[in-house]
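For reference, the structure is listed below as structure tokens.
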Amino acid sequence: MVNERLKHVLRLLFIFLIMNVLWYIGYLLMNHPILPSPGAVYDAMFHLGARDVALNVGYSLMRVLEGVLLALFIGLLIGLLMGRSPFWNRVLDPVVYLTYPVPKIALLPVVMLFFGLGETSKVLMIMLILLFQIIISVRDGVKAIPGSTYDVLSSIGATTAQKFWNVTLPGALSVILSTIRISLGTAISVLFFTEIYGTEHGMGYFIMDAWLRLDYPEMYAGILLFSLVGFALFLIVDLLDYKFMKWRR
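Take 13 as the starting number for the sequence shown in the numbering used here and just add one per residue.
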């Protein structure tokens with residue numbers, strides 16, 4: 013297990029090194045201020061004010077966390093209802109399939125019209141990105157659980173709550189974590205767009221502010237920090253998968 017983790021870390025470091033080498037080659041070939049060298053960007057990153065970094069990263073993480081939790085709460089309820097009830101699946105299935113293909117980023121102006129430029133619209137956009145994928149994944153995950161599994165628990169006198177905790181939730185949690193892992197990249201992209209408007213905090217605001225000031229090293233430093241936020245979120249999802257999905261190993 014330790015060797016596997018070490019190999020995984022070494023692979024990540026190797027890929028990181030290759031990306032920096034390609035970046036430096038691009039910098040040499042372009043020879044233009046719009047693409048600073050990796051060294052200049054890392055220097056700008058390390059000279060950023062700790063308070064400003066913590067404030068902007070904190071706001072972005074808070075918005076992502078609130079959006080994910082809201083999507084999980086609503087999506088889990090609807091997905092479980094559709095997965096366990098054929099009636100509600102027939103009723104809600106057309107609604108989900110008609111609204112799911114709508115590009116959520118196109119709803120940004122609509123959400124801002126109804127909820128303003130504040131925190132609510134930012135959180136709602138992240139929630140919308142994740143919601144339908146969670147609903148569909150949870151529904152399919154629950155429907156895929158063999159009925160005989162519940163029959164076995166019924167035969168030993170298990171309650172409805174025990175069936176949910178020991179069968180339904182683990183079956184749904186697996187697909188939920190996979191869905192969140194896939195959707196986080198899109199959610200972070202949407203977060204960037206929402207943080208351009210009506211805010212003075214967040215990594216999206218930080219990057220655009222540096223761009224407007226033509227401070228390209230700081231702009232790229234912000235992009236790298238934004239990427240690190242996304243990477244940290246992926247690691248958290250992997251940690252949750254490792255902790256709660258032990259039965260898959």
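Even for Gly, the Cβ is constructed at its ideal location relative to N, Cα and C.
Can you look up Y209 in the DSSP assignment and give me helix, strand or coil? As a working note, residue 209 is residue 197 in the sequence shown. The three-state secondary structure of Y209, taken from DSSP, is coil.
Taking the continuous alpha helix (DSSP H) assigned at D152, which residues delimit it? Counting from one through the sequence shown, the residue named residue 152 turns up at place 140. Note, D152: alpha helix (DSSP H), 131–155.
Using only the alpha-carbon positions, how far apart do D105 and M94 sit? As a working note, residue 105 is residue 93 in the sequence shown. As a working note, residue 94 is residue 82 in the sequence shown. Cα-Cα distance, rounded: 8 Å.
When you compare each of N178, I46, L140, S195 to F243 by their alpha carbons, which one comes out closest? Walking along the sequence shown from the start, residue 243 turns up at place 231. The candidate whose alpha carbon is nearest that of F243 is S195.
Taking the alpha-carbon positions, what's the V21 to M74 distance? Working through the sequence shown from its first residue, we reach residue 21 at position 9. Working through the sequence shown from its first residue, we reach residue 74 at position 62. If I take the Cα positions, the gap works out to 28 Å.
Give the single residue among I200, L125, T171, I46 whose Cα lies nearest to the Cα of P229. For the purposes of this step, residue 229 is taken as the residue at position 217 of the sequence shown. Relative to the Cα of P229, the nearest Cα in the group I200, L125, T171, I46 belongs to I46.
Please give me, in chain order, every unbroken run of the alpha helix (DSSP H) with length at least 4 that falls completely inside the region 165–205. Taken in chain order, the whole alpha helix (DSSP H) runs of length 4 or more contained in the region 165–205 are 172–175.
Taking the alpha-carbon of L84 as reference, which of N15, R193, A52 has the nearest alpha-carbon? In the sequence shown, the residue the question calls residue 84 occupies position 72. Answer by Cα proximity: R193.
Can you list, in chain order, the stretches of the alpha helix (DSSP H) that have 4 or more residues and sit fully within the region 30–100? Fully enclosed alpha helix (DSSP H) runs of 4 or longer: 50–58, 62–96.
Simplified DSSP assignment, three categories, for G128: The residue you call residue 128 lines up with position 116 of the sequence shown. Note: G128 maps to coil in three-state DSSP.
The alpha helix (DSSP H) spanning A118 covers which residue range? Here residue 118 corresponds to residue number 106 of the sequence shown, with the count starting at 1. Counting along the chain, A118 sits inside no alpha helix (DSSP H), nor does DSSP assign it H or E at all.
Name the residue from A184, V135, D253 whose alpha carbon lies nearest to the alpha carbon of S201. The residue you call residue 201 lines up with position 189 of the sequence shown. Closest option to S201, Cα to Cα, is V135.
Below 8 Å, can you find three or more Cβ-Cβ pairs linking the region 115–133 to the region 150–170? The region 115–133 is not in contact with the region 150–170.
Could you spell out the range, first to last residue, of the alpha helix (DSSP H) harbouring L224? The residue you call residue 224 lines up with position 212 of the sequence shown. DSSP places L224 in the uninterrupted alpha helix (DSSP H) bounded by 215–224.
Does the region 211–221 touch the region 172–185, meaning 3 or more C-beta pairs lie closer than 8 Å? Flag = no, the region 172–185 and the region 211–221 do not touch.
Determine the DSSP secondary structure at D158, reduced to helix, strand or coil. Stepping through the sequence shown from its first residue, residue 158 is reached at position 146. The identity of residue 158 in the sequence shown is Pro, whereas the question assumes Asp. Here DSSP, grouped into helix, strand and coil, assigns P158 to coil.
Output needed for Y112: all residues of its chain with C-beta closer than 6 Å, excluding positions within five of it in sequence on either side, in chain order. Looking up residue 112 in the sequence shown gives position 100. Correct list, in chain order: F144.
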